[in-house]
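Inspection log for the structure reproduced underneath, given as structure tokens.
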Amino acid sequence: MQKKYLTLLTCLNVAGIFSGNICFGQSPAPNPAPHVLVYKMRKDYSKQVPVILSADKKEIVSYPDPVDLGSGMEPVKLKGNYWLDNRGIGADVAFLKLTYKQYAALKKAPSEAELKGMILDASPLKELCDCGPKSAFKQAPAQQLNTWITSGKLRRHCKTIRK
């Protein structure tokens, strides 16, 4: 009895590290894989920094730190005027007046009030599709997406979030 009690206490003590699952014979919860998002914009904002707005578009709920905008963060141009997201946009995305290069050069992120004043377009998307987890792609996502786009099968493989 005392050994079980000590084992339980040990498990509870390390719960912050292992989420407690390992102590009870369960595997840790899986990390959800990032989803592949494809979109069309009303104008070409591919060089502009995206931020996420609240559903009512009154607040900025997510924005990057300048150090997070290294190379490879800009979207990838696909066929049919589609873009492959590399930053983590969503249905409530807005684009700032600042380019990735300008924003990355900042010493710190602007305040929320400053960011609000930098919004170039609060409703830039014509279309947004979720094409599932990146890990589910058998080949490079851009290559597979271009195949689906040119064959007219994008919507067969991807869920339309915004149209």
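Each residue of the sequence shown is one higher than the one before, starting from -5 at the first, in this note's numbering. Ideal placement from N, C-alpha and C gives every residue a C-beta, glycine not left out.
A Cβ-Cβ separation of about 13 Å leaves M67 out of contact with L90 under the 8 Å criterion. Taking the Cα positions, A107 is about 11 Å away from K52. Counting only unbroken stretches of 4 or more residues, the alpha helix (DSSP H) elements lying wholly within the stretch 80 to 137 are 94 to 98 and 106 to 111, in sequence order.
In the DSSP assignment, L31 falls outside any alpha helix (DSSP H) and within the unbroken beta strand (DSSP E) covering H29 to M35.
A direct Cα-to-Cα measurement between D50 and S117 gives close to 11 Å. Classified as buried, D79 has 16 or more neighbouring CB atoms from the shown chains inside 10 Å of its CB.
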